[in-house]
Structure formats: structure tokens, C-alpha cells
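Chains as they are written, first to last, in this note's numbering: chain A, 14 to 226; chain B, 14 to 226.
Protein chains: 2
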Amino acid sequence: MAQDGPAKKQPKTRTTQTRIQRKNTAVLFDAALAVFSTHGFRGATLDQIASAAGMSKPNVLYYFRSKEAIHTALLEKLIETWLDPLRALDENGEPLDEILAYVRRKLSISRDHPRESRLFANEILQGAPRIRSVLSGELKQLVDEKAAVIQRWSDAGKIRDVDPVHLIFSIWSLTQHYADFDAQVHAVLGEETDPYPAAQHYLESLFTRMLSH
Amino acid sequence: MAQDGPAKKQPKTRTTQTRIQRKNTAVLFDAALAVFSTHGFRGATLDQIASAAGMSKPNVLYYFRSKEAIHTALLEKLIETWLDPLRALDENGEPLDEILAYVRRKLSISRDHPRESRLFANEILQGAPRIRSVLSGELKQLVDEKAAVIQRWSDAGKIRDVDPVHLIFSIWSLTQHYADFDAQVHAVLGEETDPYPAAQHYLESLFTRMLSH
DNA sequence: GTCTATAAGGGGATAGAC
DNA sequence: GTCTATCCCCTTATAGAC
């Protein structure tokens, strides 16, 4: 739903895309993700995106009406992926297992999709100008809902007493750290080291000790 | 040591600054910190910095030879402040107290100096192009040293077994989250809420449960 | 020390040929 | 659908008067 297709004169209908359109928008999304995630919105240039996508600058603007449109489309495309791991937290599951599984899902995202993580980090760091409404709408609602679940687990004595919202914040920060601060993590551990196995063990141990009686 | 004074023709000696120079560079640092921390290096403009400092653009460039020079000077000025809280971790103190005190120092920095936190976050997020040598030099050395301290505490049975480097990473990520992701924290908690009292309680509880027998 | 004016180049977006 | 050429604004930095 994110991309708006050819900007002005859609060649076919607006619902049907040719194979070449589909392929080009996919290539463009990947290129834009690479460039925006490392340089931020204003630091990124259409030249960089075009050359990363292997096409000319005007051709990029044939698919998206502006630099802003690419960025917005990217964020919208990713936002659901970003919320899904928390959505999957199941009140009927075993509480500690559910939380550890959520931690593992988030850590996997940092490992497998670090650029997406840095794209969001860039956006939020700068005050979330383009996604503030999503944060205070969809995201807040989801957090409130899942915080209530955690609170009930805690009230029922199934996990130790804990502030549910700050628990969620801590899962976000601990897992996303390995993607967002990758440069620092590798500066400390050495470029060769894969931090994820040790990170997973550390985080499972941390949340287990904190939450189990 | 960071600023290089008037760029080309230092008016007096290079070691002595006039009162007006001292005042202007201080004002400039504050303005630059505000602008760079919210927009990143390339997103920031000299116009924004100049107007935030209440001076004209050429006047800004009278004090620093380039935009890059302002940014570098800022980072250099802040780096020691950034490392000091970890330096203060004392092997001879009571282990859990030392770690909790470090957590509190870091959390206070997020609360009192969020712009500095976001400046570093921006820099590291973009691959730390301008401070990579500090990270793999001074910072790595300090982390190695303090990780060894924590390892000895752990070996001596004074705290529970823990990966010392990931423990340090977790303190960084958990505390800096409240400054760097301020926009998200407030979107979830509401603009009026001060997250820090609850954050401090949550984090103390987290590390106490994780580290004490 | 501070200003106005301006040079020089980068970067987003469009025109129009193919 | 894709390209070359180009427009024009924004931004960094300098020149030179006061």
C-alpha cells in the first residue's frame, strides 16, 4: 500500500503493475533503505539512491514523485513489520516463554534487518517528524494492550512484579542496540566477532532472572 | 582543547582568548549541539546554527573554519564527559552498588544532557565516521579494563555470573534509550509524563535481580 | 569582530528527445 | 520507460567594507 506507483501518468491502471514496475520499485526500496538508513533523510541524496539502484536520477523520480515520497513509502511499508513481533505476544501462553520469545524475535530482526532498525532509529532520534502519529496512535495502543497483558501476568503471580511499559522499552532498547549501535559494538568486540550468540544468551539470562520467582 | 579559535588570523595570541571570544564560542557550542543533535551532521545547516546562536553565518565561520570543524570540536569536547561515568566504576567498592551507581550516573546524563546523547547516537548510527578511532581506541580500552573488573567480581562470587561486556552494553542501551528515543517514549507515555522516576526504579530492580544471589 | 554581498557547487526536480 | 540536459534553490564558504 505504500508506493504510489508512477508519479503522474500511470501507464496502465493503478492497481495493475507491469513486471518491470514491480521489479524496479523493489530494487528502489532496497537502495533507498540502504541510503536512508546510513545517512538519515536529509543526509541521503537522490544521486546515491539512484546509483545504488543502478538507475538514473530522473528514472527514480518516474517511480516516486519526490525524495520525500520514497522515504514515506519506505516507512509505511516497514511499520507493520515493526509492530508484528509485539502483536504476537500471547496472553494464553506461558508468560516467561512468551516474553523470551518476543526478545528472540526482536533480536533476530536486529541481526537480519539492521538497516530497517537504523531507519527507524534515525527517524525517532530526529523527533519522529514523519511517523509521530503512528507512534502515538497504533504503537501506543498496541503497547497499552500488551502492557495490560503483562500486568495481569504479574498480578496473577506468574512473573515477578514489574513495570510493564518499561519492560517493553527495555526489550526494544536492548535488542535494537545491536543493530543501531553496530559500529560501537564492533569497535569494542572487534570487527570479526559476531555479537549475536552471546547477546541472545545474555538477554535470555537477564529476563529470566528478572521475571522468574 | 577542541576549538581552534579564530580560523585564520588569531587576533591576540592563540592561548589567550578575549572575554567576547570565550562567550561566543560557548554560545556557538550550545547552538551547534542543539542543531546537530536533532538533524545530524548533513541535516544541520550553518544558517540554523547561526540563528540559534544569534549571530550571522560569516561570524560563525570567523570562529570555526568550517561546519565540519564545529562538529569535530563538539564531539571532542564531549567525549571525555561521555567516558567519565564508566571510569568512575571502582573495583574496591561494593560490586552491586558500583554497578547501580553507574546506571544512575548514565540515566542522569540522559535526563540532563539528552542533546549530547543524541549527538553521539547520530554519529554512531551513521557508522561513527568521525569518532571510530576513539571507539576502537580509548573506549575499547576502557571497556576491556572495566569488563575485567566485573569478571573478577563475578569469579569471586560477589555477583552472579554474567557476560561483562554485554552487561556494559545493556547499561548503555537501557539508559540512553530514554534520551535517544525520547519521541517514542513520550508518544507511548504521553507528553506530560516524566519517565525518569519510573525508569530509575525499573533499572535498579532489573540489575539487582540479575546480579545479586 | 561583525556585517552585506557574492562566488561556487550540490542537490531536487522537470523538459523533452528517444 | 529511460535517458541527457537543464533549471533553480539551498548551502557552504569567501571577499571586503565598516
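A virtual CB, placed ideally from N, CA and C, is assigned to each residue, including glycine.
Here the structure is a predicted model, which means the values were calculated and not measured.
Worksheet item: Going by the beta-carbon positions, is the gap between A:P108 and A:K153 smaller than 7 Å?
Response: no
Worksheet entry | Whole alpha helix (DSSP H) elements within the region 118-203 of chain A, 4-residue minimum | 127-138, 153-168, 177-193, 195-202
Discussion item. Below 8 Å on the Cβ atoms is my contact criterion, and I expect B:T113 with B:F220 to pass it. Report the Cβ-Cβ distance as a whole number of Å.
Written reply: The sequence shown places Leu at residue 113 of chain B, not Thr. Right, the Cβ-Cβ distance comes to about 6 Å (below 8 Å), so this counts as a contact.
Practice prompt. Would you list, in chain order, the members of the region 44-70 of chain A that have their beta-carbon closer than 8 Å to a beta-carbon of chain B?
Written response: Those residues of the region 44-70 of chain A that come within reach of chain B (Cβ to Cβ, closer than 8 Å) are T51, H52, G53, F54, R55, G56.
Fill in: Nearest-angstrom beta carbon gap, B:K80 and B:T188 [assumed within contact, 8 Å]
Rounded, the Cβ-Cβ distance is 30 Å, inconsistent with contact.
Discussion item. Measuring only the C-alpha atoms, how far is B:V73 from B:A44?
Written reply: 11 Å
Worksheet item: Hey, does B:T221 have any beta-carbon neighbour from chain A nearer than 7 Å?
Response: Chain A contact via Cβ: absent.
Worksheet item: For B:H179 and chain A, any beta-carbon pair shorter than 7 Å?
Response: Yes, because at least one Cβ of chain A sits closer than 7 Å to the Cβ of B:H179.
Worksheet item: Leaving out five residues before and five after B:P127 in sequence, what residues of the same chain have Cβ atoms less than 7 Å from its Cβ?
Response: A192, D195
Discussion item. Between B:R55, B:I144, B:Q197, which has its C-alpha nearest B:L91's C-alpha?
Written reply: Taking only the C-alpha atoms, the option nearest B:L91 is B:I144.
Practice prompt. Quick one: which unbroken beta strand (DSSP E) runs of 3-plus residues sit fully inside the region 42-109 of chain A? Chain order, please.
Written response: For the region 42-109 of chain A, not a single whole beta strand (DSSP E) run of length 3 or above is found.
Worksheet item: Any C-beta of chain A sitting closer than 7 Å to the C-beta of B:S149?
Response: yes
Worksheet item: If you run the structure through DSSP and keep just helix, strand and coil, what is A:S218?
Response: Taken through DSSP and simplified to helix, strand or coil, A:S218 comes out as helix.
Worksheet item: Going along chain A, which residues have a C-beta under 8 Å from B:L202?
Response: V178
Fill in: Reduced DSSP category for A:T206 - H, G, I as helix; E, B as strand; rest coil
coil
Fill in: Per-residue burial, A:R131 [other beta carbons within 10 Å of its own, 16 or more giving buried]
buried
Discussion item. Please classify B:H214 as buried or exposed, where buried requires at least 16 other C-beta atoms within 10 Å of its C-beta.
Written reply: exposed
Worksheet item: Under a Cβ-count criterion, where at least 16 other Cβ atoms within 10 Å of its own Cβ denotes burial, should B:I122 be classed as buried or exposed?
Response: Buried is the call here.
Worksheet entry | Which of helix, strand or coil DSSP assigns to A:T31 | Reduced to three states, the DSSP call for A:T31 is coil.
Worksheet item: Contact check, A:Q139 vs B:I137 under 8 Å by CB: the rounded distance?
Response: With 8 Å as the limit, A:Q139 and B:I137 do not qualify as a contact, their Cβ atoms being about 15 Å apart.
Worksheet item: How many Å lie between B:L202 and A:E151 at the Cα?
Response: 13 Å
Worksheet entry | 7 Å CB neighbourhood of B:V141 in its chain, flanking five on each side removed | The sequence shown places Ala at residue 141 of chain B, rather than the Val named in the question. The answer, listed in chain order, is L148.
Worksheet item: Which residues in the same chain have their Cβ closer than 7 Å to the Cβ of B:A160, if we skip the five residues on either side of it in sequence?
Response: Result list for B:A160: P177, V178, I181, in chain order.
Worksheet item: For A:G53, is the classification buried or exposed, using 16 other Cβ atoms within 10 angstroms of its Cβ as the cut-off for buried?
Response: buried
Worksheet item: By how many angstroms is the C-alpha of A:A66 removed from the C-alpha of A:G106?
Response: 44 Å
Practice prompt. Quick one: using the 10 Å Cβ neighbour count with 16 as the cut-off for buried, is A:H226 buried or exposed?
Written response: exposed
Practice prompt. Give the interface partners of A:V156 over in chain B, defined as CB-CB distance under 7 Å, in chain order.
Written response: V201
Discussion item. Buried or exposed for A:A86, going by 16 or more other Cβ atoms inside 10 Å?
Written reply: buried
Discussion item. Rounded to the nearest angstrom, what separates B:P210 and B:A200 at their Cα positions?
Written reply: 17 Å
Fill in: Contacts that A:Y215 makes with chain B (C-beta to C-beta distance below 8 Å)
V175, D176, H179, L180, S183
Worksheet entry | B:E111, buried or exposed, once every other Cβ within 10 Å from all chains shown has been counted against 16 | buried
Item to complete: Using a Cβ cut-off of 9 Å, pull out every chain A residue sitting near B:D168, in sequence order please.
Response: Neighbours of B:D168 on chain A: none; closest Cβ ~17 Å, over 9 Å.
Discussion item. Counting only C-beta atoms, is B:Q197 closer than 7 Å to chain A at any point?
Written reply: yes
Practice prompt. Assuming A:R35 contacts B:M223 (C-beta within less than 8 Å), just tell me the rounded distance between them.
Written response: Under the criterion of beta carbons closer than 8 Å, A:R35 and B:M223 do not qualify as touching, at roughly 48 Å.
Item to complete: To the nearest angstrom, report how far apart B:E205 and B:H190 are at their CA atoms.
Response: One C-alpha to the other measures close to 18 Å.
Discussion item. Taking the beta carbon of B:T38 as the centre, do at least 16 other beta carbons fall within 10 Å, making it buried, or is it exposed?
Written reply: buried
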